[in-house]
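Chains A and B supply the protein sequences, listed in that same order.
Letter 403 of the first sequence, counting from 1, is numbered 932 in the numbering used here, and no numbers are missing.
Letter 88 of the second sequence, counting from 1, is numbered 107 in the numbering used here, and no numbers are missing.
Glycine residues also receive a C-beta, built at the ideal position from the N, C-alpha and C atoms.
Right, one structure below, let's go through it.
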Amino acid sequence: MSSHYEAPIRKPLVLGDKSYGDISNDIARPVETPPNIDWWIAFSIAMAAFLWGLGCMAYTLGTGIGTWGLNKTVGWAWDITNFVWWVGIGHAGTLISAVLLLFRQKWRMGINRSAEAMTIFSVIQAGLFPIIHMGRPWLAYWMFPIPNQFGSLWVNFNSPLLWDVFAISTYLTVSLVFWWTGLLPDFAMIRDRAVKPFQKKIYSLISFGWSGRAKDWQRFEEVSLVLAGLATPLVLSVHTIVSFDFATSVIPGWHTTIFPPYFVAGAIFSGFAMVQTLLIIMRKVSRLESYITLQHIEMMNIVIMITGSIVGCAYITELFIAWYSGVEYEQYAFLNRATGPYWWAYFLMMSCNVVSPQIMWIKKIRTNIIWSFVISIVVNVGMWFERFVIIVTSLHRDYLPSSWTMFSPTFIDIGIFIGTIGFFFVLFLLYARSFPVVAQAEIKTILKSSGENYKKIRDK
Amino acid sequence: MSLKRLHVLFDDDDILLDAVKEIVKSKIYIHEVYTPFPVHGLDKAMKLKPTNISIATFIYGCIGFTFSILMMNYIMIVDWPQDIGGKPSFSYIENMPSFVPIMFELTVFFAAHLMVITFYLRSKLWPFKEAENPDPSTTDDKFLIDMDSGSNLSKTKSMLKKMGAISIKEVNA
């Protein structure tokens, strides 16, 4: 037992009187029992939204980008707003599994699986937007440097948009293998207890014949650690590169050096908020309160509060630098953001992202599930508006006052956005019923050090 | 004479670890240990060599880094140099700052994917691969040692019982 020592001051991460077998039973239960009516209702709503979005995408592709609310002045609006929003949400997953693994944070183990799933599903949503915006998505492969016969027409490696292609595809695929490698032992657990032959076949197929040999575990741990080491700079680079899409241009309001750290903090902020939203529901529905405890929720709230404060600092720094630079275009861009026709979007962004997370300083509120849930949604609304403010307010007043205009989305813009939310939840709901949603093999390694029952025995 | 092998089940990782140390000390060969989660110190107790996969990963990363430089040098400098915004692509090193993001991404891409592929191949993990754990409970909450019976079967068995084995099964090698 001495090897499982943990300071008594640390609160238990696995509640209740659990054994290794109990953990397997608890994690396998949602997979082995049929979904209830609530799941079917949620799935039907998500599916309907997804189908509506598919219809809007088909209409866009059939008719053209003119079906969107874009105009000559505002050439980028909801599409890129949604793209950046979804990529940002996709950041918490790798942060939780990679960065917190490097820092040896044990509380990561209750939530990393779902956070990684969220990452993959939201990066898929993000990837849809640039592909639809191409107008001819069947030519999407032109983004890759493939030898061709168009007079040796290569992609431009100086372009931040091409950096995005490489960053997002590396991020998506590396996150996917990280997730799947961690899933192998858990799929194997479900495979070995499956009674229905079809279920056994499926989980045999996707567990890749995992047997749990000592050598496999040795490699598994090394691979997880090295992947975490690779994914940590990767996750920072991805949103840095997304911010380069704006920062390397010469539009006032976009052309700022603060963008990379500001975007990365914002991404972690919105990603954690989305993890919070999803897990507060999932822990209840899948009865995982013993593994995703109030302490986990509190920890996530603290991260939300800190990253929210970083984002707030960035907003204020931007305003200060605009004034201090003495560049009148820059000054106008920020004055217009705060007091121009889009003041309401700016106000929403400021109140949702800067003010609302500050109430997490109060312990009563950050350990309250209802408050946590509400704030997590407010933060995601605020982060959507942050991207909208950056993108649309910087464009709608350009250098020529004769081309000043406003942006209003068409029902197609709205439909595609709703469709991606639907698609995201379709994937997540399917995941919640067919995947081991908590990394049970990892939880078992900390049971003796951080389990409530073992801590009690030790404290006596 | 047919050699006997023993499949010994345990239900606790600490007892397993002590048992493995004991078995290694009494010079009985352990073929394999199957556990539901990584038991820390087990590889050392079994005297397994440390894995070299991180060294391989470093090499894969270097390959990705080199590949990205060669690719962008060929595409942007050699094959079709262009004058983009007054910044002509006639020299790789002068254009290098804008190639850094992709040099980084491809380094990570190669290192991560080739490492995982190496891990899957070395540990024989791929779709349609049959699992080889002899007892299905070893992915749940039991730990299994696959070992030789030693010269004296009954002595080995009583030793294992004393160490806390919950079941001992004789299998033909």
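Keeping to the same chain, check which residues put their C-beta closer than 8 Å to that of residue i; ignore five residues upstream and five downstream.
i	result
A/Leu691	Met672, Val684 and Asn685
B/Met20	With a pLDDT of only 44 at B/Met20, under the threshold of 50, the placement of this residue in the model should not be trusted; the figure read from the coordinates follows. None.
B/Trp145	Tyr139
A/Tyr588	Thr596 and Ile941
Using a Cβ-Cβ cut-off of 6 Å (strictly less than) and excluding sequence neighbours within five positions of residue i, which residues of its own chain qualify?
i	result
A/Ser978	His533 and Glu535
B/Lys188	His26
A/Val883	Gly841
A/Trp709	none
B/Ser108	Met95, Ile96, Pro100, Gln101 and Asn114
A/Phe902	Ile809
A/Val616	Ala655 and Val771
A/Glu827	Arg895 and Thr896
A/Gly619	Thr648, Ser651 and Val652
For residue i, which beta-bridge partners are listed by DSSP?
i	result
A/Pro689	Note: A/Pro689 sits in no beta bridge, so no partner.
A/Lys744	Looking at the DSSP assignment, A/Lys744 forms no beta bridge with any residue, so it has no partner.
B/Lys106	B/Ile103
B/Asn191	B/Lys23
Helix or strand or just coil, what does DSSP make of residue i?
i	result
A/Asp546	coil
B/Ile185	coil
A/Tyr983	helix
A/Phe727	helix
B/Met166	strand
A/Phe917	helix
A/Thr777	coil
A/Val865	Reading off the sequence shown, one finds Asn at residue 865 of chain A, where the question assumed Val. A/Asn865: helix per DSSP, three-state reduction.
A/Glu535	coil
A/Gly598	coil
B/Asp32	helix
A/Ser937	coil
A/Arg926	coil
A/Arg991	One cannot answer for residue 991 of chain A here, as it falls past the ends of chain A, which runs 530 to 989.
A/Ile797	helix
A/Pro782	Looking at the sequence shown, residue 782 of chain A is not Pro but Gly. Note: A/Gly782 maps to coil in three-state DSSP.
A/Arg633	coil
In whole angstroms, give me the CA-to-CA distance for residue i and residue j.
i	j	result
B/Lys143	A/Ile850	56 Å
A/Met530	A/Lys984	With a pLDDT of 48 at A/Met530, under the threshold of 50, the predicted position of this residue should be treated as unreliable, and no value is reported.
A/Tyr1012	A/Pro781	Residue 1012 of chain A cannot be examined here, being either before or after the span of chain A that is shown, 530 to 989.
A/Ile810	A/Ile660	32 Å
A/Gly741	B/Thr158	7 Å
A/Phe953	A/Lys892	32 Å
A/Ile570	A/Ser626	31 Å
B/Lys68	B/Val135	19 Å
A/Thr602	A/Val779	15 Å
A/Pro676	A/Ala669	15 Å
B/Leu179	B/Leu35	10 Å
B/Leu125	B/Ser87	6 Å
A/Ile556	A/Trp890	33 Å
A/Arg836	B/Ser156	The amino acid occupying residue 836 of chain A in the given sequence is Thr; Arg does not appear at that position. Cα-Cα distance, rounded: 43 Å.
B/Asn191	B/Asp62	26 Å
A/Lys973	B/Phe56	7 Å
A/Glu915	A/Leu877	8 Å
A/Ile950	A/Gly582	9 Å
A/Ala723	A/Lys729	5 Å
A/Arg558	A/Thr822	18 Å
B/Ala64	B/Asp154	22 Å
B/Cys81	A/Gly758	16 Å
With hydrogens ignored, establish whether the beta-carbon of residue i is closer than 7 Å to any heavy atom of the ligand NAD.
i	result
B/Pro69	As presented, the structure is devoid of all ligands, the ligand NAD included, so that no description of it is given.
What are the start and end residues of the alpha helix (DSSP H) that includes residue i?
i	result
A/Ile845	Leu823 to Ser854
A/Gly656	Asn641 to His662
A/Asp942	Phe940 to Ser963
A/Trp614	Trp607 to Ile618
A/Cys881	First-last for A/Cys881: undefined, no H or E at that position.
A/Ser819	Careful: A/Ser819 lies outside any alpha helix (DSSP H) and carries neither H nor E.
A/Met586	Ile566 to Thr592
B/Glu124	Val119 to Arg141
B/Leu61	Leu61 to Ala64
B/Thr157	Premise fails: B/Thr157 is in no alpha helix (DSSP H) and is neither H nor E.
B/Gly83	Ile72 to Met91
B/Ile111	Position check: residue 111 of chain B holds Tyr in this sequence, whereas Ile was assumed. Run containing B/Tyr111: Tyr111 to Asn114, per the alpha helix (DSSP H) assignment.
Kindly indicate the opening and closing residues of the beta strand (DSSP E) around residue i.
i	result
B/Ile49	Ile49 to Tyr53
B/Phe29	Lys23 to Phe29
Tell me which residues share the same chain as residue i and place their Cβ nearer than 7 Å to its Cβ, disregarding the 5 neighbours each side in the sequence.
i	result
A/Trp605	Ile920 and Leu924
B/Leu133	Tyr79
A/Lys744	none
Cβ-based contacts, 7 Å cut-off: residues of the segment 159-175 of chain B near chain E
You won't find chain E in this structure, because its protein chains are A and B.
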